[in-house]
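Chemist: Heads up: the sequence shown begins at 624 in the working numbering, then just goes up one per residue.
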Amino acid sequence: MTTSNQHNQEKLSSARFSESTDAFVEAFTASIQFDHRMYKQDIQGSIAHAKMLTKVGILNNAELNDIENGLAQIQAEIEAGQMQWSIKQEDIHMNIEARLTHLIGITGKKLHTGRSRNDQVATDIRLYLRDEIDLILPELNRLQTGLVMLAEREADTIMPGFTHLQTAQPVTFGHHMLAWFEMLKRDVERLHDCRKRVNTLPLGSAALAGTTYPIDRQYTAQLLGFERITENSLDGVSDRDFAIEFTHVCATLMMHLSRFSEELVLWSSAQFQFIDLPDRFCTGSSIMPQKKNPDVPELVRGKTGRVYGHLMSLLTLMKSQPLAYNKDNQEDKEPLFDTVDTVRGSLRAFADMMPAITVKRDITYAAAKRGFSTATDLADYLVGKGLTFRDSHEIVGLAVAHGLKSGQDLSEMPLATLQSFCDQITDDVFEVLTLEGSVAARDHLGGTAPNQVRAAVARAKVVLAQG
Ligand code: ARG
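(1) Which class does residue 628 belong to by DSSP, given the choice of helix, strand or coil?
(2) Only counting the same chain, and skipping five residues up and downstream in sequence, which positions put a Cβ closer than 8 Å to that of residue 642?
(3) Out of curiosity, what's the CA-to-CA distance linking residue 1030 and residue 877?
(4) Tell me the DSSP secondary structure of residue 731 in three-state form.
(5) Can you tell me the Cβ-Cβ gap for residue 1076 and residue 774, rounded? I've got them flagged as a contact below 8 Å.
(6) Would DSSP call residue 934 helix, strand or coil?
(7) In or out: residue 629 buried (at least 16 other Cβ within 10 Å) or exposed?
(8) Could you tell me whether any non-hydrogen atom of ligand 1 is closer than 7 Å to the CB of residue 741?
(9) With DSSP collapsed to three states, give me the class of residue 1037.
(10) Can you tell which of 859, 825, 971 and 760 has the C-alpha that lies nearest to the C-alpha of residue 845?
(11) What residues in its chain sit with their C-beta under 6 Å from that of residue 832, if we drop five residues either side in the sequence?
(12) Cβ of residue 946 within 8 Å of Cβ of residue 866?
(13) Should residue 647 go down as buried or exposed, given a rule of 16 or more other Cβ atoms within 10 Å for buried?
(14) Please classify residue 827 as buried or exposed, where buried requires at least 16 neighbouring CB atoms within 10 angstroms.
(15) Is residue 722 buried or exposed, if buried means 16 or more other CB atoms sit within 10 Å of its CB?
(16) Using the C-alpha atoms, what's the distance from residue 763 back to residue 806?
(17) Return the Cβ separation of residue 760 and residue 821 in integer angstroms, given the expectation that the two are a contact with Cβ distance under 8 Å.
(18) Tell whether a beta-carbon distance below 8 Å holds between residue 662 and residue 701.
(19) To which residues of the same chain is residue 908 closer than 8 Å at the C-beta, ignoring the five residues directly before and after it?
(20) Roughly how many whole angstroms lie between the Cα atoms of residue 711 and residue 932?
(21) Let me check you understand the geometry: is the CB of residue 963 closer than 7 Å to at least one non-hydrogen atom of ligand 3?
(22) Under the rule that 16 or more other beta-carbon atoms within 10 Å means buried, what is residue 926, buried or exposed?
(23) With DSSP as the reference, identify every bridge partner of residue 949, one or two as the case may be.
(24) For residue 880, does the three-state DSSP call read helix, strand or coil?
(25) Taking one C-beta from the region 991-1000 and one from the region 1019-1026 each time, how about it: are there three or more such pairs within less than 8 Å?
(26) Alpha carbon to alpha carbon, how far is residue 1072 from residue 1063?
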């Protein structure tokens, strides 16, 4: 981006002032360095506003034509990297307006009739966020699709399930992947819900009180594809709830990705070896030749903190602002932009990585065999034989203690040994002590049985097809 202090255009609001703005203050209060990112939405909003002004008779068709052509040229200049951004013009809105006036003359100065930068900027951010949400949703869908494919492929793969990171009960790898799918499904729902509130038009609120011109806000909303318009001008210019809400949704999404990252880091370690991450998602060490570091999940885990921070920034930004617009609000953009970049980058990396994950089935199986993961199954078996669950729990505890001493899994103990703990045990016990038997027995909606994983995959595919 080029910025110039010697812009030929005078500062738009300078007539009231008896001295020009201090050079440092000018730079300090400017936002063009970052809000130029919303140029497309600013132009889109201005074209809709100009069309509305024409519809109600404030501009004529020739003026509208000039404005539309001028703005199209400016968009082309920006996209070609030719626009001279000026700190003197403070922000994206005034830079574009000044350039427009330079290009088409006096008509450019009519564009701002019946609006203020306060409702203009509120409109731009909403348009920008709506566009970004519409890019984030397909990326989430791509990641979820990768998870569902992995779940389908690994529906029968057995691994240890953990609580407290201690081996708890065997689960299927597919079931584990679908737990991540469910979390992301809720993130998608939250994003759709947030989009409804983002998709509300504040333009027409003007500076704070509305405007004396006979504007047609419904028409502007229709042109810009907004579902509804804000119903109070003071709220319209000052509300940033939608930005807080979006950042909250993203913070929760990042929290999910961070937990997921943590598992991928653990699972790809030499100690677990449950999975292999493709080389292209890892890096080596500059000193240790054997290293293959899971950088992508580590970075995503690390980047989660930025988004939490942005959420806190935005909440704090708003907490003491009296109505209506205050310059504080200019500080909403950088946290929002960085949230968008962080989430889009993290989702892209994860979605790309998913199909390339290899599961080391023998290793996950062997790991599930260690740690007495079918102990609960034995307790349930004894309940089936008429014991109370508490008594069964006690008996199995003794059997596990024996296994720890003898180095045997429950399934590896001779029947006679098992019977020494409870004489009601018969040789049908070995069916429940196998890992396959254990997972297959949890055959209800939400359970880990391979059948249930396949049914959940089928349901997930329907959800994904709906978008
Ligand atoms: N750059 C400003 C912002 O981001 C635009 C609105 C300025 N309005 C004002 N009255 N100074 O919020």
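Note that beta-carbon positions come from the ideal geometry of N, C-alpha and C, so glycine has one too.
Modeler: In terms of the structure at hand:
(1) Along the sequence shown, one-based indexing puts residue 628 at 5. Legend: pLDDT at residue 628 = 43, less than 50; position of this residue unreliable, value from coordinates given subsequently. Coil.
(2) As a working mapping, residue 642 is identified with position 19 in the sequence shown. Answer for residue 642: no residue qualifies.
(3) Taking the sequence shown and counting its residues from 1, the one referred to as residue 1030 is at position 407. Taking the sequence shown and counting its residues from 1, the one referred to as residue 877 is at position 254. So the alpha carbons of these two residues sit roughly 42 Å apart.
(4) Your numbering for residue 731 matches position 108 in the sequence shown. Correct three-state label for residue 731: helix.
(5) Counting from one through the sequence shown, the residue named residue 1076 turns up at place 453. Counting from one through the sequence shown, the residue named residue 774 turns up at place 151. Contact holds; Cβ gap of about 6 Å.
(6) If you number the sequence shown from 1, residue 934 lands on position 311. DSSP places residue 934 in helix when its eight states are reduced to three.
(7) In the sequence shown, residue 629 corresponds to position 6, counting from 1. Note that residue 629 has pLDDT 39, beneath the 50 cutoff, so the model's placement of it is unreliable and the number below is only indicative. By the 10 Å Cβ count, residue 629 comes out exposed.
(8) Position 118 of the sequence shown, counting from 1, holds the residue named residue 741. Flag set: Cβ of residue 741 near ligand 1.
(9) For the purposes of this step, residue 1037 is taken as residue 414 along the sequence shown, with counting starting at 1. Here residue 1037 sits in coil by DSSP.
(10) Position 222 of the sequence shown, counting from 1, holds the residue named residue 845. Answer by Cα proximity: 825.
(11) In the sequence shown, counting from the first residue as 1, residue 832 sits at position 209. For residue 832, where only same-chain residues beyond five positions count, the Cβ hits under 6 Å are 856.
(12) Working through the sequence shown from its first residue, we reach residue 946 at position 323. Working through the sequence shown from its first residue, we reach residue 866 at position 243. No, these two residues do not count as a Cβ contact at 8 Å.
(13) As a position in the sequence shown, residue 647 is number 24, starting the count at 1. So residue 647 ends up on the exposed side.
(14) Translated into the one-based positions of the sequence shown, residue 827 becomes position 204. When all chains shown are included, residue 827 counts as buried.
(15) In the sequence shown, the residue the question calls residue 722 occupies position 99. Residue 722 is buried by the Cβ-count criterion.
(16) Working through the sequence shown from its first residue, we reach residue 806 at position 183. Working through the sequence shown from its first residue, we reach residue 763 at position 140. Roughly 11 Å between the two C-alpha positions.
(17) Locating residue 760 in the sequence shown gives position 137, counting from the first residue. Locating residue 821 in the sequence shown gives position 198, counting from the first residue. Residue 760 to residue 821, Cβ: 13 Å. No contact.
(18) Translated into positions along the sequence shown, residue 662 becomes position 39. Translated into positions along the sequence shown, residue 701 becomes position 78. In this structure, residue 701 lies closer than 8 Å to residue 662 by Cβ.
(19) Here residue 908 is taken as the residue at index 285 of the sequence shown, counted from 1. Closer than 8 Å at Cβ, skipping near neighbours: 914 and 916.
(20) Stepping through the sequence shown from its first residue, residue 711 is reached at position 88. Stepping through the sequence shown from its first residue, residue 932 is reached at position 309. Computed Cα separation, rounded: 31 Å.
(21) Absent from the structure shown: ligand 3. Ligands present: ligand 1.
(22) Taking the sequence shown and counting its residues from 1, one reaches residue 926 at position 303. Buried: at least 16 other Cβ atoms inside 10 Å.
(23) Here residue 949 corresponds to residue number 326 of the sequence shown, with the count starting at 1. In DSSP, residue 949 forms no bridge with anything.
(24) Looking up residue 880 in the sequence shown gives position 257. Residue state, collapsed to three classes: helix.
(25) yes
(26) Here residue 1072 is taken as the residue at index 449 of the sequence shown, counted from 1. Here residue 1063 is taken as the residue at index 440 of the sequence shown, counted from 1. Each residue's alpha carbon lies about 4 Å from the other.
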